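Below: the structure, in structure tokens.
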Amino acid sequence: MYSVFKTTGHKLLSINTQASPSKIQEWKSKPKVKRCYNNLFKKVKDGQPMTYMSLIIDKLRKENKNPSKTQIAYAISICETYLNPNNQNIQMSESIMKSKIINNL
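45 is the number that UniProt numbering gives to position 45 of the sequence shown; each next residue is one higher, with no gaps.
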């Protein structure tokens, strides 16, 4: 995810996946992280159909020529969960992801 935002001019700040909930919340409260979350489904450039999320999905397609709908839903769910300022998770688990994937199918 970092590389997608980097290539579009939005440098996503790094965070240790073992960080405490308070550090995660502090990170998710930073303006750059909030901007990345708020822009996930917005167009990269006005007048163009490409959104930041579609860039992420395109990267998935480069790695896997024909990703399944479930894989695409998983990628969307990861981005939404990882950047969402309303939760303190950056590590993904089945209990966190299962309902999100179903919603994104």
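Note that CB positions come from ideal geometry on N, CA and C, so glycine has one too. All values reported here derive from a predicted model rather than from experimental measurement.
Which residue comes first and which comes last in the alpha helix (DSSP H) that contains residue i?
i: residue 22; result: 21-28
i: residue 33; result: 31-39
Compute every distance between the C-beta of residue i and the non-hydrogen atoms of the ligand FAD, then say whether any falls below 7 Å.
i: residue 55; result: Here there are no bound small molecules, and the ligand FAD is not part of this structure.
For residue i, write down the residues that DSSP places opposite it in a beta bridge.
i: residue 43; result: 51
So what's residue i in DSSP terms, helix, strand or just coil?
i: residue 16; result: coil
Can you list, in chain order, the stretches of the beta strand (DSSP E) that have 3 or more residues and sit fully within the region 57-101?
none
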